[in-house]
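To convert, take the position in the sequence shown, counting from 1, and add 241; that gives this note's numbering.
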Amino acid sequence: MAMLGLPFLTHMDGFCAKVYATEVTVKLGEILMKDIVSMHTEFKQIYGPGESEFPDWMRWENLEKLPSKLEEIAAGELGVELNAWMPLYSAAHVKDCVKMIHSLKYAEETCYNGAINITAFSCGTEVGACNWRLNGQGTNLVYLSASVLASTHATEFNFQALRKSDLLLCSDLSSSSLDSDPAQDPNVGSSVYSRKDNENQEASAQSLISADESREEMEKLSFICSVVIESVRTGGSVLIPIGRPGLILLLLEQISACLESSDVKVPMYFISSVAEELLAFTNIIPEWLCKERQEKLFSCEPLFGHTDLIKAKKLLLFPAIHSLDLLKTWEEPCIVFAPHWSLRLGPAVHLLQRWRADPNSLLITEEGPDADLSLLPFMPMAMKVLQCSFLSNLTLSKIQPLLKAMRPKRVLLPEELRHLVPSTGAALPYAVTHYAENETVTVPIPKNNAVVEITAEVASQLQWKKTNQADIGIARLIGDLSIQQGKHRLLPSRDDPPPQPKPRFFWGSPDPQILLSKLKEAGVSSSIETRSAKAFDAHITEPGKALVQVRETSTVICSATEHLASLVYSAVVSTLDGV
């Protein structure tokens, strides 16, 4: 769903960032964005395009008429966010946006600017949804987004590919985690504070994935279906705004099965400008679905049940609510799947206005922080409202044993979880850092030695010289440094070798007594003034005034004449190693 806001960024002047998403996410996002544009176009055809880009509802006199919560969302505190509103994007913006996205398959590796390898792995939440792993030179980072351990339609959560990261950023944890009490949750307590190592962490995490979450989700769907059947039996209609595509497909299957078993005959309508395209696409993506769905492909069954429903004319597809074919076949009571889930555009708005006074009719929405706000324009409302909560992210009791199995070195958690998972005092196998919105967090990253590959041609030209340290050698080389696919390589130089002899490079610090001896051999009189264990000054009096300042990281020669400076320089470098 986050992709629906991407065109606002991509059509801004100066936007040049690279955008990565899975292939299915790109296609589903494009379909849903086209639907939004279509609904907005219809809105403008009915109500007019307006004379300016500043809508009438944004004027202060009209904002003050809104409920306080809506006014706060629209204008922010003291109205400072009112100028942040932007006109909705167009079909051209959507097309340009999709062109800018680099699409990937699961586990397909791509390289960003030759330095960072980026890979997407399934997270189980929705078809095409993913977590990300970023591998750099010696360091890797994992972004753990909204994930579920068991899915009834999408590819299951692949946690194995995210193991042993240097840094793991957790976001979109379940809101229930924020209100939980670790003292009352034995799973959380044992995960956070136990000092015993889990010898079978991998098996423990795998058991979490094969737990009862999918069964719980099916029980929720069964409950929704029972409420739907009850509503249509009493003569009411049911409106289901389209949200997550996978969830809608599951509801279509379950509701049709319940209608069949209960011998209730009511029509089901899917009203959307992209209805046919969306449902057709979901039946040609088996590799993005769970194993149970993939097995249907080999038994020549449709991946989802809506294919048979459409063939049997139990599910009717229409592009718009004013479609002539829809008006000819319209019957009530009925069950309607229609956009828009925020209840501000599209067929759902018209149907809600039609049924809101019917106490037998039913509106099914997904729980969220703004779910009640979406209904404010339709109040007072006699229509029943069923707000459902579906698995869309991990709870704290699940993520703690999962993190132990994933074995990151450091975990970033939201600031709201500090009281549950403190950054100090807890016996965790990983370090914890908390982050907050609009704040920069400095995260220590372990320093790993960078690896550079040297071609055989370059390596054969190296002339090694031993240093004072027996295990270290040094050599000069000429080559080109190449950074590709996150790997550093030294290649033969494409330039001609320099005609002049290469100047020597020196390292180390002069020994004071050896330096005195070398200066004396050159006919230079000097004395040593010790500054510290690793620093001294050599004062030169004959054949002229000069000073040599030797420090831990540098040696500086100060002289009034070039001839004397040259003599002193030769004496200093004769005490050093060089190539």
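All C-beta atoms, glycine included, are put in the ideal place defined by N, C-alpha and C.
Please read these numbers as outputs of a predicted model, since none were measured by experiment.
- When rounded, the separation of the alpha-carbon atoms in K285 and L586 is 11 Å.
- Residue burial annotation: L703 is exposed, with fewer than 16 other C-beta atoms found within 10 angstroms of its C-beta.
- Looking from the CA of E517, the closest CA among L556, Q495, C531 and W529 belongs to L556.
- Only buried fits F400, as 16 or more other CB atoms lie within 10 angstroms of its CB.
- Of the candidates M327, K306 and W301, the residue whose Cα lies closest to the Cα of G246 is M327.
- As the crow flies, the alpha-carbon of D407 is around 6 Å from that of T380.
- In this structure, Y671 sits near K650, with a CB-CB distance shorter than 9 Å.
- Closest option to S503, judged by alpha-carbon separation, among V469, H281 and A776: V469.
- The alpha-carbon of E460 is positioned some 12 Å away from that of L492.
- For R534, the uninterrupted alpha helix (DSSP H) segment begins and ends at K532 to F539.
- In the three-state scheme derived from DSSP, where H, G and I count as helix and E and B as strand, C799 is classed as strand.
- DSSP places R730 in the uninterrupted beta strand (DSSP E) bounded by K728 to P733.
- In this model, L323 and A315 are separated by some 6 Å (Cα to Cα).
- With a cutoff of 9 Å on beta-carbon distance, F559 and F511 are scored as near each other.
- Residue environment: M253 is assigned as exposed (fewer than 16 neighbouring CB atoms within 10 Å of its CB, all protein chains considered).
- Short of 8 Å from the beta carbon of A356, and not among the five residues preceding or following it, lie these beta carbons of its own chain, in chain order: G377, Q378, I724 and G727.
- Proximity to I525 across S514, M509 and K537 peaks at K537, based on C-alpha coordinates.
- Of the residues A579, S388 and M244, the one whose Cα lies closest to the Cα of L269 is M244.
- Under the three-state reduction of DSSP, T782 is assigned to strand.
- Distances from the alpha-carbon of I713 to those of W705, I719 and E573 put W705 closest.
- Segment contact: the region 607-614 against the region 635-642, fewer than three CB-CB distances shorter than 8 Å; contact not assigned.
- The Cβ neighbour count for C257, taken over all protein chains shown within 10 Å, is under 16; the residue is labelled exposed.
- In this chain, the alpha helix (DSSP H) harbouring S502 covers P486 to S503.
- Secondary structure at W748: strand, using DSSP grouped into helix, strand and coil.
- Among the bridge pairs identified by DSSP, S388 is matched with none.
- Secondary structure of F398 (DSSP, three-state): coil.
- Note on geometry: alpha-carbon atoms of R772 and P753 lie some 12 Å from one another.
- Nearest in C-alpha terms to S412, of all of E457, D737 and C364, is C364.
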